[in-house]
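Enquirer: Residue numbers (the numbering used here), protein chains in the order written: chain A, 21 to 685; chain B, 60 to 137.
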Ligand SMILES: Nc1nc2c(ncn2[C@@H]2O[C@H](COP(=O)(O)OP(=O)(O)O)[C@@H](O)[C@H]2O)c(=O)[nH]1
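And the structure:
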């Protein structure tokens, strides 16, 4: 048995889903779109619960929103679980009406009754159930209150019972519905009246389905005829239908909802007076970002990372070595495991505390309701470069790691803006690159470390804005986008859901370390260990040196035309943090301290800066490329994001190095 | 009773929508989804500087829309 869970965005759908299901049956994407698809096993062996994306209406605005409608059109479902926010009841019920018209048994979960109560709204579930002719259960999905009853009620609900729900849409529309229904073949398994109403609402997906059975011209003329007739009253058919539903709902509300005087100023209003202040908004946002970075990179994340790093370099490596010697492993194996795998994978794993810390804070910002405000506060700036405020959030997340940054672009409806937001994300300097900067600034710019690093972050942001402007007025020219953002009330996030969201974002990073960074480390190490003349060769004679030597000449104009730099950049493609570990392998030094003393022999400060800028820009790392490929579903745009980065990196480093030389640095 | 463009409604004031002029159909549809149409009562919460977006309150729900779209919505102050 398949039960579909449907509701508006931000109504507590995820919370309810988690309460009603034991485990996932499937987690992935809906085909053709970038919306997450979750199917869970319902408690009490009731069957499967399919989480439909949050929508306001079955009439979709974008491909992503069409998922729910497509599901209703093409899949077999037994019943619908509709969650509504009782503090926003009327708006939520517009969707409910469309779902009721679909004719499958439906159960309404009246969520957020606590919020409604605090706003002086009292809903009578029994009366509402009578009016809507379906069961209505009050719940608080945040605490799980009432969720047991939902399971019980689902067991009782008869799946085969057809629901006869209808609103009178007035004789003009009813007549047209009747005419359309008569044109449909008898053996159609979809609910006819629902199809007809959706069609007159302008639902493209339904229209496509109907053209399989009825002439397109016939359909168009039906639609236009009706629209002509009602034009005297209202502007358009969709608006007409909305108004009829609205009137119908008002009647229902008279009997089932009471609104007492609502409180003058809610907590949300008070918080917004500061954080969404028209002038203070941006400074407050910058402050919050500053605190996020402090927490991640200084106060909590980095100290933990350091501890982890020390443990891996010291006790872990020693224990493994002892154990390997005990079982009599050859020196080759010993070197491979300690110098290749532990150094390589470990070098990435040390970033786990930082990454998880950042994701925890970002989840907090999202769950609390602040994220939506950020997009409003930043919209003006982003609009001027052809993006919208929602594109700012992925950029911020990109500072932590580009992979979730690219994924966060999903919320952007306009397809070209979505694409643009994705391909520019690698310009955001992620935490992996920080490792490389940290090394170089400590050697070459000891006095001005913070400024130099900051300048690289700014370079990334400025380039992203400039390129956004260029791309959006050339190859990605597009219509002005929809920017209508709901600003939910602030809510204190719950620990359990924070943990869950953090884990969902961060687990990909762990997977990356376990898979191709693992494989990559082995390959790099082997390339540096072997050469044309055999194994255990001098580094200069290794395959790695040969490969690095091939690209070195290209890098001469940029100031770092050595095979070592070439090899480090090549391996950095796997993950940017690998640049540092490759350099320490290449310069055959034991640790970073030793690397610091040897680097000045190979770089001048100007060359070092040019090199850092190049590391920032030259290519998205492998994991980012993979996720760009997945999210854009286009090989062409994936290639584009790789190629434009190379071109930009080359130009910028060229300007820095040649310009710097002219200026006498 | 005077009519304004929503974008010109001073912060803190309440108005009722009397007309929504030509705007991108997607934006119009999204507004309809949020139950914002002729007859709806809206309150201006705040306007962001340099022609930035505006925050409005509708049926107890806050919504951010662009200034350009707010200039297409005509309201009477009440
Ligand atoms: N006060 C209150 N908060 C709730 C309730 N249900 C969900 N929430 C909160 O609303 C926010 C959004 O919930 P979520 O399940 O992510 O909603 P979704 O976006 O529809 O999937 C979270 O912070 C929840 O903790 C409820 O019944 N009462």
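Don't be surprised by glycine CBs; every beta carbon is placed ideally from N, CA and C.
Predicted model, so just to flag it, every value in this text is computed and none were measured.
In chain A, which residues lie less than 9 Å from residue 93 of chain B when you measure between Cβ atoms?
Expert: Per Cβ cutoff of 9 Å: 76, 111, 504 and 506.
Enquirer: Which residues in the same chain have their Cβ closer than 7 Å to the Cβ of residue 126 of chain A, if we skip the five residues on either side of it in sequence?
Expert: Once the five neighbours on either side are set aside, the close Cβ partners of residue 126 of chain A are 99, 100, 102, 119, 120, 154 and 183.
Enquirer: Would you verify that the beta carbon of residue 76 of chain B is, or is not, closer than 8 Å to some beta carbon of chain A?
Expert: So, not an interface residue.
Enquirer: DSSP puts residue 133 of chain B in a beta bridge; with which residues?
Expert: Beta-bridge pairing links residue 133 of chain B to B/64 and B/78.
Enquirer: List, from N- to C-terminal side, the alpha helix (DSSP H) runs of 4 residues or more that fit wholly inside the segment 72 to 150 of chain A.
Expert: Correct list: 86 to 94, 109 to 122 and 133 to 138.
Enquirer: Could you check whether the segment 451 to 469 of chain A touches the segment 426 to 433 of chain A, counting it as contact only if at least three pairs of C-beta atoms, one from each stretch, sit closer than 8 Å?
Expert: Output reads no: the segment 426 to 433 of chain A does not touch the segment 451 to 469 of chain A.
Enquirer: Please list the residues of the segment 104 to 125 of chain B that have a C-beta atom closer than 7 Å to any C-beta atom in chain A, keeping them in chain order.
Expert: Those would be 105, 106, 107, 108, 109, 110, 111, 112, 114, 118, 119, 120, 121, 122, 123, 124 and 125, in chain order.
Enquirer: At the level of alpha carbons, what is the spacing between residue 338 of chain A and residue 44 of chain A?
Expert: So the alpha carbons of these two residues sit roughly 40 Å apart.
Enquirer: Nearest chain B C-beta to residue 689 of chain A closer than 8 Å, yes or no?
Expert: There is simply no residue 689 of chain A to check, as chain A begins at 21 and stops at 685 in what is shown.
Enquirer: Is any heavy atom in ligand 1 found nearer than 7 Å to the beta carbon of residue 430 of chain A?
Expert: No, Cβ of residue 430 of chain A sits at least 7 Å from all heavy atoms of ligand 1.
Enquirer: Kindly indicate which three-state DSSP category residue 510 of chain A falls into: helix, strand or coil?
Expert: In the structure shown, residue 510 of chain A sits in coil (DSSP, three-state: anything other than H, G, I, E or B).
Enquirer: Would you list the one or two residues that DSSP bridges to residue 25 of chain A?
Expert: A/71 and A/101, per the DSSP bridge assignment.
Enquirer: Give a yes or no on contact between the segment 158 to 171 of chain A and the segment 297 to 306 of chain A, applying the rule of three or more CB pairs nearer than 8 Å.
Expert: Not touching, per the Cβ criterion.
Enquirer: If you check the beta carbons only, do residue 420 of chain A and residue 382 of chain A fall under 8 Å apart?
Expert: Yes.
Enquirer: Could you tell me which residues DSSP pairs with residue 62 of chain A in its beta bridges?
Expert: Answer by DSSP bridge pairing, in chain order: A/41.
Enquirer: Along the beta strand (DSSP E) that carries residue 103 of chain B, what are the first and last residues, could you check?
Expert: Counting along the chain, the beta strand (DSSP E) containing residue 103 of chain B begins and ends at 100 to 106.
Enquirer: Would you kindly check if the distance between the Cβ of residue 75 of chain B and the Cβ of residue 103 of chain B is under 8 Å?
Expert: The answer is no: Cβ separation not under 8 Å.
Enquirer: How would you call residue 602 of chain A, buried or exposed, if buried means at least 16 neighbouring beta carbons within 10 angstroms?
Expert: Result: buried.
Enquirer: Which same chain residues end up closer than 6 Å to residue 260 of chain A when comparing Cβ atoms and leaving out the 5 residues on each side of it in sequence?
Expert: Once the five neighbours on either side are set aside, the close Cβ partners of residue 260 of chain A are 250 and 254.
Enquirer: With 16 as the cutoff for other CB atoms within 10 Å, does residue 655 of chain A come out buried or exposed?
Expert: By the 10 Å Cβ count, residue 655 of chain A comes out exposed.
Enquirer: Grab me the residues of residue 386 of chain A's own chain with a C-beta within less than 8 Å of its C-beta, minus the 5 sequence neighbours each way, in chain order.
Expert: Result list for residue 386 of chain A: 521, in chain order.
Enquirer: Strictly by DSSP, which residues pair up with residue 123 of chain B?
Expert: The partner list for residue 123 of chain B (beta bridge, DSSP) reads A/505 and B/114.
Enquirer: Could you tell me if the beta carbon of residue 513 of chain A falls within a distance shorter than 7 Å of some heavy atom in ligand 1?
Expert: Yes; taking the cut-off as 7 Å, the Cβ of residue 513 of chain A has a heavy atom of ligand 1 nearer than that.
Enquirer: At what residue ranges does the segment 340 to 391 of chain A contain a whole run of the alpha helix (DSSP H), taking only runs of 4 or more?
Expert: List check, alpha helix (DSSP H) in window: 351 to 355, 363 to 369 and 372 to 388.
Enquirer: For residue 246 of chain A versus residue 219 of chain A, is the C-beta distance shorter than 8 Å?
Expert: Result no, Cβ atoms of residue 246 of chain A and residue 219 of chain A do not sit closer than 8 Å.
Enquirer: At a Cβ cut of 8 Å, what residues of the segment 95 to 121 of chain A count as close to chain B, listed as they run along the chain?
Expert: Listed in sequence order: 107, 108, 110, 111 and 114.
Enquirer: Alpha carbon to alpha carbon, what distance is there between residue 516 of chain A and residue 31 of chain A?
Expert: Their backbone Cα atoms lie some 18 Å apart in a straight line.
Enquirer: Are there any heavy atoms of ligand 1 lying less than 7 Å away from the beta-carbon of residue 74 of chain A, as far as the coordinates show?
Expert: Residue 74 of chain A Cβ: within cutoff of ligand 1.
Enquirer: Determine which residues of the segment 243 to 269 of chain A have a Cβ less than 9 Å from any Cβ of chain B, and write them out in chain order.
Expert: If the cut-off is 9 Å between Cβ atoms, the segment 243 to 269 of chain A has 254, 255, 256, 258, 259, 262, 263 and 266 near chain B.
Enquirer: Over what stretch of residues does the beta strand (DSSP E) that includes residue 231 of chain A continue unbroken?
Expert: Unbroken run through residue 231 of chain A: none, as it is neither H nor E.
Enquirer: I'd like to confirm something about residue 134 of chain A: is its beta-carbon nearer than 7 Å to some heavy atom of ligand 1, or not?
Expert: Residue 134 of chain A Cβ: within cutoff of ligand 1.
Enquirer: Is residue 387 of chain A close to ligand 1? I mean its beta-carbon at under 7 Å from any heavy atom of the ligand.
Expert: Yes - ligand 1 has a heavy atom lying nearer than 7 Å to the Cβ of residue 387 of chain A.
Enquirer: Please report the Cβ distance between residue 453 of chain A and residue 635 of chain A, rounded to the nearest whole angstrom; I am assuming they are in contact, meaning their Cβ atoms lie under 8 Å.
Expert: Confirmed, about 6 Å.
Enquirer: Could you give the distance in angstroms between the alpha-carbon of residue 495 of chain A and the alpha-carbon of residue 476 of chain A?
Expert: Near 27 Å, if we compare the C-alpha coordinates of residue 476 of chain A and residue 495 of chain A.
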